[in-house]
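Okay, so here's the structure we're looking at.
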Ligand code: SF4
Ligand SMILES: [Cu+2]
């Protein structure tokens with residue numbers, strides 16, 4: 047057993063590094079004013095790209111019927127009627143991709159009315175891809191060293 | 012067999028499963044919900060998120076099916092599925108009792124050319140092209156359910172047994188294929204006993220029960236695809252030779268017998284659809300949703316044609332090249348590319364299943380809370396049966412989903428690579444050749460995983 051697992055140890059160590067290593071903030075935080083228009087069944091702009099630490103001020107509008115704006119991971123949930131605007135303010139302190147979704151039943155495709163806030167550096171994705179490469183390499187090293195073990 | 016744990020060794024399990032009323036009782040319960048879903052679909056509110064039909068079929072049932080039943084319990088859904096029940100009862104002229112005599116049908120023979128899952132492949136694709144509409148319109152969902160049950164009854168009038176389930180049901184095809192991975196199986200305890208048993212009651216039926224409605228001879232059963240777990244053979248077998256076992260995940264993926272092109276395509280279609288749905292339904296691109304939603308007919312036509320082309324040409328084409336490369340690297344000169352293609356496609360079964368589970372996590376957790384409000388107000392008419400009607404929409408564990416998806420996808424990738432290595436090793440001359448042969452398929456699997464990760468985690 048020990049001998050079988052031994053070749054994987056460097057991979058496991060590297061996996062921990064990839065999964066947990068802290069990454070410093072690169073970009074200087076700024077304040078961003080963004081107008082987001084909700085309409086059946088999409089947001090414009092569909093994707094918001096910001097940097098960690100940025101202060102985000104969203105002006106939310108509805109183009110046709112009442113829509114909502116629920117932001118995963120940030121606990122924000124606002125609603126807006128056509129003709130109104132709603133101001134949403136927060137600091138993008140969590141990195142990764144967070145979907146914003148409509149939270150007011152607005153028609154058939156309402157559950158799929160989704161936009162994306164990407165807070166760079168997108169470490170979750172980068173780490174996942176790193177782990178994926180490691181997983182593939184590790185699997186092949188393991189199969190090479192234990193060609194028969196995999197057959198049981 | 013290795014690593015099996017027989018559940019039917021317990022008296023009470025066996026007695027329960029041998030009780031003729033076991034399946035019919037479950038069927039009556041699911042049939043009730045099925046009819047109820049049709050009624051809410053037809054007569055309830057057109058707002059999908061407030062209609063029992065949409066929430067219970069496409070969120071609750073779907074989640075149970077793909078996250079719980081298929082990976083762990085094989086075709087358990089088919090044990091309790093109400094769709095073929097009325098037809099089956101009609102041809103038996105009985106619900107629980109074993110009526111003596113033949114089944115009442117027109118006694119036609121199902122065409123030989125259709126004894127595979129191609130019809131199911133095309134049926135699934137046909138539904139998939141309309142899925143954005145089906146998934147979001149209660150009435151359309153209800154029509155689909157009605158059409159399924161009518162088709163099942165119609166086929167039961169013409170043909171004996173569960174022709175609908177084996178060859179037609181668009182869901183049945185992938186339930187069967189993905190059941191290759193399940194941790195549950197029904198098998199004979201000793202194949203020799205079956206060989207020596209001349210009357211083969213499990214096939215012909217006897218006074219205790221009907222012959223296998225799934226047209227399976229348990230004595231030759233080596234993989235889960237066609238076993239509907241109806242437990243008929245447990246009742247009819249006079250030799251006490253049938254067992255239901257727990258087993259390791261993925262056990263049937265290495266069974267060579269039964270591998271076929273129709274199943275290989277099913278594996279590819281399911282994988283392509285998991286990717287496409289993740290992009291279309293969960294992506295930020297409103298225009299794709301509009302096209303899928305038939306905002307205009309030409310838009311939808313373009314969408315549908317591309318959808319089909321990706322499913323039947325693009326992905327299979329790339330995979331064909333992958334298989335050709337595997338054939339070269341693994342030194343399989345005397346095996347045709349087609350054979351290699353079919354073989355290695357079975358590594359897409361665990362990958363696809365995991366992809367579907369990951370996809371389902373992103374909307375089941377988010378929208379699961381609708382189930383509570385819909386339970387109290389199934390038609391959207393303002394009822395409040397259990398006092399939960401006003402339960403607000405609350406995404407459940409939104410922070411955990413991404414992590415779960417990463418873990419699942421990476422585990423699925425590693426597992427699928429090991430499986431493809433073992434599949435190739437069945438033909439390759441040496442370990443080293445099999446190892447090299449696994450490289451191209453691993454590349455394909457990695458690209459698929461990367462695409463999933465990108466869709467779920469990157470902007
Ligand atoms: S094959 Fe289809 S109709 Fe038959 S039991 Fe399974 S899901 Fe139901
Ligand atoms: Cu909306």
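Protein chains in written order, with our numbering: chain A, 47 to 198; chain B, 12 to 470.
The C-beta atom is built at its ideal place from N, Cα and C for all residues, glycine as well.
All figures in this text were calculated on a predicted structure; none of them were measured in a lab.
Taking Cβ positions only, does residue 119 of chain A come closer than 7 angstroms to chain B? Position 73 of the first chain, counted from the start, is the residue given in the question as residue 119 of chain A. By this cut-off, residue 119 of chain A is an interface position.
Kindly indicate the opening and closing residues of the alpha helix (DSSP H) around residue 167 of chain B. Within the second chain, the letter at position 156 stands for residue 167 of chain B. Residues 149–169.
Helix, strand or coil at residue 399 of chain B according to DSSP, with G and I counted as helix: Taking the second chain and counting its residues from 1, the one referred to as residue 399 of chain B is at position 388. In the structure shown, residue 399 of chain B adopts coil according to DSSP, grouped into three states.
Around the Cβ of residue 191 of chain B, are there at least 16 other Cβ atoms within 10 angstroms (buried) or fewer (exposed)? For the purposes of this step, residue 191 of chain B is taken as residue 180 along the second chain, with counting starting at 1. Under this definition residue 191 of chain B is a buried residue.
Considering only residues of the same chain and omitting the five flanking positions on each side of residue 369 of chain B, which have a CB-CB separation below 6 angstroms? The residue given as residue 369 of chain B occupies position 358 in the second chain. Result list for residue 369 of chain B: 416, 419 and 420, in chain order.
Over the uninterrupted beta strand (DSSP E) stretch that includes residue 256 of chain B, give me the two end residues. Here residue 256 of chain B is taken as the residue at index 245 of the second chain, counted from 1. Its beta strand (DSSP E) spans residues 253–257.
Near residue 95 of chain A, what residues of its chain come up, given a Cβ to Cβ distance below 6 angstroms and the 5 sequence neighbours on each side ignored? Taking the first chain and counting its residues from 1, the one referred to as residue 95 of chain A is at position 49. Excluding sequence positions up to five before and after residue 95 of chain A, its CB lies within less than 6 angstroms of the CB of 164, all in the same chain and listed in chain order.
Going by the C-beta, is residue 152 of chain A closer than 6 angstroms to any heavy atom of ligand 2? Looking up residue 152 of chain A in the first chain gives position 106. Yes - ligand 2 has a heavy atom lying nearer than 6 angstroms to the Cβ of residue 152 of chain A.
Contact test: residue 61 of chain B Cβ vs ligand 2 heavy atom, cutoff 6 angstroms: If you number the second chain from 1, residue 61 of chain B lands on position 50. No, the beta carbon of residue 61 of chain B sits no closer than 6 angstroms to any heavy atom of ligand 2.
Residue 72 of chain A classed as buried or exposed, judged by whether at least 16 other C-beta atoms fall within 10 angstroms: In the first chain, counting from the first residue as 1, residue 72 of chain A sits at position 26. Classification of residue 72 of chain A: exposed, given that the 10 Å Cβ count is below 16.
Which whole-angstrom value is the C-beta distance of residue 146 of chain A and residue 54 of chain A, which I expect to be below 8 angstroms? Counting from one through the first chain, the residue named residue 146 of chain A turns up at place 100. Counting from one through the first chain, the residue named residue 54 of chain A turns up at place 8. 40 angstroms between Cβ atoms; not a contact.
Residues of chain B with CB under 9 angstroms from residue 143 of chain A, in chain order? Reading the first chain from its first residue, position 97 is the one you call residue 143 of chain A. In chain order: 413, 467, 468, 469 and 470.
Work out the CA separation of residue 266 of chain B and residue 234 of chain B for me, nearest whole Å. For the purposes of this step, residue 234 of chain B is taken as residue 223 along the second chain, with counting starting at 1. For the purposes of this step, residue 266 of chain B is taken as residue 255 along the second chain, with counting starting at 1. Rounded to whole angstroms, residue 234 of chain B to residue 266 of chain B spans 7 angstroms at the Cα level.
Which residues DSSP lists as bridging residue 260 of chain B, in chain order: Position 249 of the second chain, counted from the first residue, corresponds to residue 260 of chain B. Partner(s): none; residue 260 of chain B has no beta bridge.
How about the stretch 161–173 of chain B and the stretch 338–357 of chain B: do they share at least three Cβ pairs that are nearer than 8 angstroms? no
Residue environment, residue 353 of chain B, which counts as buried when at least 16 other CB atoms sit within 10 Å: Locating residue 353 of chain B in the second chain gives position 342, counting from the first residue. Residue 353 of chain B should be labelled buried.
Since residue 103 of chain B contacts residue 221 of chain B with CB under 8 angstroms, what's their CB separation in whole angstroms? Your numbering for residue 103 of chain B matches position 92 in the second chain. Your numbering for residue 221 of chain B matches position 210 in the second chain. Sure, about 7 angstroms apart at Cβ, within 8 angstroms.
Can you give me the Cβ contacts of residue 406 of chain B inside the same chain, cut-off strictly under 6 angstroms, excluding the 5 residues immediately before and after it? Indexing the second chain from 1 puts residue 406 of chain B at position 395. Cβ neighbours of residue 406 of chain B beyond the five flanking positions: 377.
Could you give the distance in angstroms between the alpha-carbon of residue 99 of chain A and the alpha-carbon of residue 180 of chain A? Start at 1 with the first residue of the first chain, and residue 99 of chain A comes out as number 53. Start at 1 with the first residue of the first chain, and residue 180 of chain A comes out as number 134. In a straight line, the C-alpha of residue 99 of chain A is about 30 angstroms away from that of residue 180 of chain A.
Which of the residues in the stretch 103–131 of chain A, read from start to end, lie with their CB under 8 angstroms from any CB of chain B? 116, 118 and 119
Taking 7 angstroms as the CB-CB limit, is residue 189 of chain A close to chain C? No chain C appears in the structure shown, which is made up of the protein chains A and B.
Nearest CA to the CA of residue 381 of chain B: which residue from B/135, B/63, B/305 and B/31? As a working mapping, residue 381 of chain B is identified with position 370 in the second chain. It is B/63 whose Cα lies nearest to the Cα of residue 381 of chain B.
So with Cβ pairs under 7 angstroms, would you call residue 134 of chain A a contact of chain B? Position 88 of the first chain, counted from the start, is the residue given in the question as residue 134 of chain A. Not an interface residue.
Hey, which unbroken runs of the alpha helix (DSSP H) at 4 residues or more fall wholly within the stretch 322–377 of chain B? 326–340 and 348–356
List, in chain order, every chain B residue whose beta-carbon is nearer than 7 angstroms to that of residue 181 of chain A. If you number the first chain from 1, residue 181 of chain A lands on position 135. Chain B residues near residue 181 of chain A: 421, 424 and 425.
Nearest to residue 68 of chain B by CA position, among B/86, B/41, B/83 and B/87, is which residue? In the second chain, counting from the first residue as 1, residue 68 of chain B sits at position 57. If we check each option's Cα against that of residue 68 of chain B, B/41 comes out closest.
Helix, strand or coil for residue 108 of chain B, going by three-state DSSP, please let me know. Taking the first residue of the second chain as position 1, residue 108 of chain B is located at position 97. Three-state DSSP puts residue 108 of chain B in coil, outside helix and strand.
Where does residue 314 of chain B fall in DSSP's three states? Your numbering for residue 314 of chain B matches position 303 in the second chain. In the structure shown, residue 314 of chain B sits in a helix (DSSP, three-state: H, G or I).
Can you pull out the residues from the stretch 45–67 of chain B whose beta carbon lies closer than 7 angstroms to at least one beta carbon of chain A? 58, 59, 60 and 61
At a Cβ threshold of 7 angstroms, is residue 410 of chain B touching chain A? The residue labelled residue 410 of chain B in the question sits at position 399 within the second chain. So yes, residue 410 of chain B belongs to the interface.
For residue 464 of chain B, would you say it is in contact with chain A, using Cβ-to-Cβ distances shorter than 7 angstroms as the test? Here residue 464 of chain B corresponds to residue number 453 of the second chain, with the count starting at 1. Under the Cβ distance rule, residue 464 of chain B counts among the residues neighbouring chain A, one pair being separated by less than 7 angstroms.
With a threshold of 8 angstroms, are at least 3 pairs of Cβ atoms found where one atom belongs to the stretch 387–396 of chain B and the other to the stretch 149–158 of chain A? Because the criterion of three Cβ pairs below 8 angstroms is not met, the stretch 387–396 of chain B and the stretch 149–158 of chain A do not touch.
Does the beta-carbon distance from residue 257 of chain B to residue 194 of chain B come in below 7 angstroms? Your numbering for residue 257 of chain B matches position 246 in the second chain. Your numbering for residue 194 of chain B matches position 183 in the second chain. Yes, Cβ-Cβ distance for residue 257 of chain B and residue 194 of chain B is below 7 angstroms.
Please confirm whether residue 300 of chain B has its beta-carbon closer than 7 angstroms to some beta-carbon of chain A. Numbered from its first residue, the second chain carries residue 300 of chain B at position 289. Yes, residue 300 of chain B lies at the interface with chain A (some Cβ there is under 7 angstroms from its Cβ).
What does the alpha-carbon distance come out to for the pair residue 384 of chain B and residue 315 of chain B? The residue you call residue 384 of chain B lines up with position 373 of the second chain. The residue you call residue 315 of chain B lines up with position 304 of the second chain. Near 34 angstroms, if we compare the C-alpha coordinates of residue 315 of chain B and residue 384 of chain B.
Tell me which residue opens and which closes the beta strand (DSSP E) that residue 198 of chain B is part of. Start at 1 with the first residue of the second chain, and residue 198 of chain B comes out as number 187. First-last of the beta strand (DSSP E) with residue 198 of chain B: 195–199.
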